[in-house]
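Have a look at the structure below before the remarks.
There are 4 protein chains.
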Amino acid sequence: MCRWLAYSGTPVLLDTILYKPTHSLIDQSRFAKLGVETTNGDGFGIGWYTKEAETPALLRDIGPAWNNRNLQELANHVRSPLFFAHIRASTGTAVQQSNCHPFRYGRWMFMHNGAIAAFHLVRRDLLLLVDPALFAGIEGTTDSEVMFYLALTFGLEQDPPAAVARMAGVVERVGRKHGVEFPLQMTLAITEGEHVWAFRYSSERASRSLFYSSRADDVRRLHPDVAFLRDISPETRLIVSEPLDDLPGVWNEVPEDSCKIVGPGVAELRPFAPEPADWWTGDPVNP
Amino acid sequence: MCRWLAYSGTPVLLDTILYKPTHSLIDQSRFAKLGVETTNGDGFGIGWYTKEAETPALLRDIGPAWNNRNLQELANHVRSPLFFAHIRASTGTAVQQSNCHPFRYGRWMFMHNGAIAAFHLVRRDLLLLVDPALFAGIEGTTDSEVMFYLALTFGLEQDPPAAVARMAGVVERVGRKHGVEFPLQMTLAITEGEHVWAFRYSSERASRSLFYSSRADDVRRLHPDVAFLRDISPETRLIVSEPLDDLPGVWNEVPEDSCKIVGPGVAELRPFAPEPADWWTGDPVNP
Amino acid sequence: MCRWLAYSGTPVLLDTILYKPTHSLIDQSRFAKLGVETTNGDGFGIGWYTKEAETPALLRDIGPAWNNRNLQELANHVRSPLFFAHIRASTGTAVQQSNCHPFRYGRWMFMHNGAIAAFHLVRRDLLLLVDPALFAGIEGTTDSEVMFYLALTFGLEQDPPAAVARMAGVVERVGRKHGVEFPLQMTLAITEGEHVWAFRYSSERASRSLFYSSRADDVRRLHPDVAFLRDISPETRLIVSEPLDDLPGVWNEVPEDSCKIVGPGVAELRPFAPEPADWWTGDPVNP
Amino acid sequence: MCRWLAYSGTPVLLDTILYKPTHSLIDQSRFAKLGVETTNGDGFGIGWYTKEAETPALLRDIGPAWNNRNLQELANHVRSPLFFAHIRASTGTAVQQSNCHPFRYGRWMFMHNGAIAAFHLVRRDLLLLVDPALFAGIEGTTDSEVMFYLALTFGLEQDPPAAVARMAGVVERVGRKHGVEFPLQMTLAITEGEHVWAFRYSSERASRSLFYSSRADDVRRLHPDVAFLRDISPETRLIVSEPLDDLPGVWNEVPEDSCKIVGPGVAELRPFAPEPADWWTGDPVNP
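Residue numbers (the working numbering), protein chains in the order written: chain D, 1 to 287; chain B, 288 to 574; chain C, 575 to 861; chain V, 862 to 1148.
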């Protein structure tokens, strides 16, 4: 599948987070430990916020992250208070820039690890449920981007957890109508540039791994010798598919069926469940 | 927009047709004379039939054709009796392999120069008209591929001119419902590996250029010194966006509103007109 | 050949310079007016200085600039007081990232439009003249990068005009020993992050075009309505292969055989001539 | 490092060898078992002979083999009696097409797994030893291509084993002059379109894995149910970095310090040793 990382807090040089840790995301691109695939070499993407524009910047490319020089260049020169990074292992859809995460809509970014099962069977029905006014924004062919546009359709900009619950409910409903037992597998990260919402859920209750870092001041007390920790705010957080190192006391598993929210003044762990979409009958007359 | 070339006849080394002519398709990738754009550098593709498989082979890439070494390698080593070649100038959709022509479905290939006007407005409605059983085969995001899948939906494999007429009618109907005055601009090449159907049509009756070569024996009499002409069958034909050279007596314009068909024992020029799609009301209840 | 642009002055969003002008460098990638080639689609590069690192950042890729989304993303989000941009039209060497300009050595950047004539004949002799301690830094196969490493060998970091004069002298000497009448054609931009040195020279005294902008306060008086001009320092300068627009009074030709230097407190135009390299005999015993 | 495969014998669809086996080269691109790296995703190449040209055709690209559609297309449509395939794991040099194996010179192809140790230290000295008349043909920056050009310099076209012995001797001599203990690590495949010469050698006598297949008629007797084996000539051979499957009796290790030669009427295993290059003194006056 894929691996990803979300950073929020004190502005940091991307390199510090992307390349420096022992088991960095770049390391995971070849040697993932907890993923379905050890190799995540089917494209990558980073998205970061700057002072220069409302919308985040994206760098996405179709080769592996581990040998991409432009990624290393940006990591060495860009500092940001909030960024997403994603390495892709395609589950079948084409390796192309428009299929690389994160996806963007205005100020919003979205990235995903997992899959909609039997996507070729349900893709058309799901696309039909995307708000026609949003439809033209879909540029790629992944299940992930359709999930993003469904969440936007269902109110992501107003209430992210509710919109994701509706999206997940629809994906499960449509999948089951097509005979799929476990339609959805997802860990998600979503941001509007200030907060990060991370979700861990799967229809079979066997979700991909997901971790968040402890409060930075607690971690600092445990590891006073780690230079990076000295300069960051207590609220600085990482949410990651796999721990970036094996420092004790740093990484906490996001439980199944839950949503972790971090941001200024916020560090919340909520239960998450899809909102059943019984209203969808699969009848093209009443979609 | 784009430029393309279709070859049918005596098996020939691709290089002879793709690179050797004065104003070859490779030359057109930088210096097109009759196109809307002089530069066609947003990807390319070739598709060719061999004895090894029922389906044609494709080589497609996202860089310009003029500097692509793999294309030159294949051109120097592949001989084929029927091949398509296409150089792309994007009208806005992403530069990615899945958006490069020719497109393929089983034994069929399809390539296009032109555009569906205001495609972002009509894309969803057109996608809905694609046979759901075919829908999962759509891999890219171009108007051209949607045209191909609509034609497949409307019986391309049974009757290409009729299916293309229905497709064109639907594109015009949907476009006009969305307020587009001239919804369709197209020159098309379609093949099943034996015949080539080429279409020239636009809603505004100002279609992109399209030419077909005269019978090879007639051309040979005119130009007895051209080595290539000595070894090819009388039925060998080229259909091209732009003449590949300025040899007199070789190139004939495909008239507006017409369909040229070539193949074993066939060299036909027919009128072409879209089949009006008044049945489409834009009402999602009765699509 | 190529086209390039060097900016120095008030920190500016790259987009303002790279994309916004009527005849921007991106426009020149398809429609160059003064170059040998109208199409410059064989790769591109930008290099820019930030506060985050001593060395400049590079983004280089092998496709055309005009359709590159990562370039547009960076242009929309990166502000810099000094940056280089280059679009390439290969004169035969491979289209690969390591052949894209600008080249970098420590804090230094170098970009080139032109060619060493008959480079395949002289490449080995020129490579032999590169300081062995620097040799391992050569990553690509262009004449341009060899020119950079020769200039470094001859003291670029101490005295750029003198080092470039020695480099040019050597290139001419070696070329002529190999029977090349006009060995060198160059417009060059070089920077250490503070000053920009631009050179215009060719052995045949028919050099590629090169222009520099007038003092920003003078331009502002002429064009009080141009928003961009209101916010930049008097010393802000552009040096470009082609004027970016047709505003009167803005663009001045760099004369043949000269070197333009800009930077804080510096705006100088000097004569330039290669330093004859009669010491090079072509004898491998005394290279 | 890398993994490679050489096929010689009855013309076969490339797919049969490249994709179909359980542990095919494509599988090895992500899950190599015997290599230094499990992931070989830094580019790939295939080279094959056809009836259309004297020189072999090359398809090389910089992404991973496992997701490359053009490679799969060619594998499905190209039949050849002799082909090379290579997947790359860069040992530091740039990921670019000109660094992808196989390399070609006229009718000759060359591919390599291994490395010249401390190549940055010895590169210049080794390049100086390449015949100046051949020098311009070097297009990339790998140690492997320099080894090829050294072998060409030392008579590869006349006597491959002798030329490779001279090349290896020079690499060891130059390396040791620079203080490198174990200068060379190599498994090599070389062909002129009829025979394949494969070498296994390393300065430390701990060479990368290399295997050759038994005579096809012997294998057929062992595995009468394997369809592919029924249709191939007794002399059909594979030489591979790793066995493509675990069929007993098929794969034989090429011993350390040896050269395996296969071709029409030839199946020979010879000892191999570098030819000491004491004549090289490192003195630029007498190179």
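Glycine included, every Cβ here is placed at the ideal spot set by N, Cα and C.
Item to check | Close beta carbons around ALA1128(V), own chain, < 6 angstroms, minus the five adjacent residues each side | outcome: Cβ-Cβ distances below 6 angstroms link ALA1128(V) to nothing in the same chain once the five nearest sequence neighbours on each side are left out.
Checklist entry - Relative to the C-alpha of GLY106(D), which residue among VAL174(D), TRP48(D) and SER144(D) is closest? => result TRP48(D)
Next on the checklist: What residue range does the beta strand (DSSP E) around ARG88(D) cover?
Outcome noted: 79-88
Checklist entry - At which residues does the beta strand (DSSP E) containing SER1119(V) begin and terminate? => result Start and end: 1119-1124.
Next on the checklist: Comparing C-alpha positions only, which one of VAL748(C), PHE846(C) and ARG697(C) sits nearest to LEU762(C)?
Outcome noted: PHE846(C)
Next on the checklist: Could you check whether the Cβ of GLY41(D) sits closer than 8 angstroms to any Cβ belonging to chain V?
Outcome noted: Interface with chain V (8 angstroms Cβ-Cβ cutoff): GLY41(D) is included.
Next on the checklist: Between the alpha carbons of GLY767(C) and ILE620(C), how many angstroms are there, rounded?
Outcome noted: Cα-Cα distance, rounded: 14 angstroms.
Item to check | Rounded C-alpha distance that separates ILE1051(V) from ALA893(V) | outcome: 22 angstroms
Checklist entry - In chain C, what lies closer than 9 angstroms to SER377(B) by C-beta? => result Per Cβ cutoff of 9 angstroms: ASN641.
Next on the checklist: Assuming THR440(B) is part of the alpha helix (DSSP H), what are its boundary residues?
Outcome noted: 430-440
Item to check | Within chain C, partners of PRO993(V) - CB distance below 7 angstroms | outcome: ARG698
Checklist entry - Under three-state DSSP, which class holds ALA841(C)? => result strand
Item to check | Partners in chain D for HIS465(B), counting only beta-carbon separations shorter than 8 angstroms | outcome: In chain order: nothing, as chain D lies at least about 11 angstroms away.
Next on the checklist: Once DSSP output is grouped into helix, strand and coil, what is the label at ASN573(B)?
Outcome noted: Reliability of the predicted coordinates at ASN573(B) is poor, the pLDDT of 46 falling under 50, and no value is obtained from them.
Checklist entry - Since ALA151(D) meets chain B, which of its residues come closer than 8 angstroms, beta carbon to beta carbon? => result Ordered by position in chain B, no residue passes the 8 angstroms Cβ test against ALA151(D), which lies about 18 angstroms from the chain.
Checklist entry - Okay, do the stretch 49-63 of chain D and the stretch 634-653 of chain C touch, 3+ Cβ pairs below 8 angstroms being the bar? => result Because the criterion of three Cβ pairs below 8 angstroms is met, the stretch 49-63 of chain D and the stretch 634-653 of chain C touch.
Item to check | Own chain, CB closer than 6 angstroms to ARG634(C), minus 5 neighbours either side, in chain order | outcome: GLY619, GLN671 and CYS674
Item to check | Cα-Cα separation between ASP15(D) and ARG221(D), rounded to whole angstroms | outcome: 24 angstroms
Checklist entry - GLY401(B) bridges to which residues according to DSSP? => result MET473(B)
Next on the checklist: Between VAL956(V), LEU919(V), THR954(V) and THR899(V), which has its C-alpha nearest PHE945(V)'s C-alpha?
Outcome noted: That would be LEU919(V), whose Cα lies nearest to the Cα of PHE945(V).
Item to check | Any non-hydrogen atom of the ligand NAD closer than 7 angstroms to ASN974(V) Cβ | outcome: Of ligands this structure carries none, so the ligand NAD is not represented either.
Item to check | Among ASP1020(V), SER885(V), PRO917(V) and ARG1131(V), nearest to ALA926(V) - alpha-carbon criterion | outcome: SER885(V)
Next on the checklist: Just to confirm, is the Cβ distance from GLN28(D) to GLU242(D) under 8 angstroms?
Outcome noted: yes
Item to check | LEU229(D) to ALA216(D) span [Cα, whole Å] | outcome: 7 angstroms
Item to check | Through-space distance from LEU645(C) to SER214(D), alpha-carbon basis | outcome: 36 angstroms
Item to check | Within 8 angstroms, strictly: CB atoms of PRO255(D) and ALA165(D) | outcome: no
Checklist entry - Would DSSP call ARG577(C) helix, strand or coil? => result strand
Item to check | Supposed contact pair TRP484(B) and ILE548(B) - C-beta distance, whole angstroms, cut 8 angstroms | outcome: 5 angstroms
Checklist entry - Could one say the Cβ of ASN931(V) lies closer than 8 angstroms to chain B's Cβ atoms, at least one of them? => result yes
Checklist entry - So is GLU432(B) buried or exposed if we call it buried at 16+ other beta carbons inside 10 Å? => result buried
Checklist entry - Could you give the C-beta distance for THR326(B) and ARG604(C), rounded to a whole number, given that I count them as a contact under 8 angstroms? => result 5 angstroms
Item to check | Cross-chain neighbours of LEU408(B) in chain V, by beta carbon under 8 angstroms | outcome: Near LEU408(B) there are no residues of chain V at all, since even the closest Cβ is about 31 angstroms away, more than 8 angstroms.
Item to check | Beta-carbon contacts of LYS177(D) that lie in its chain and below 7 angstroms, excluding the five residues immediately before and after | outcome: GLY282
Item to check | Cβ-Cβ separation, ASN928(V) to VAL95(D) (assumed contact under 8 angstroms), whole Å | outcome: Confirmed, Cβ separation roughly 5 angstroms.
Next on the checklist: Can you give me the C-alpha to C-alpha distance between ALA736(C) and ALA663(C), rounded to a whole angstrom?
Outcome noted: 28 angstroms
Checklist entry - By the 10 Å Cβ neighbour count, where 16 or more other Cβ atoms means buried, how is ARG205(D) classified, buried or exposed? => result exposed
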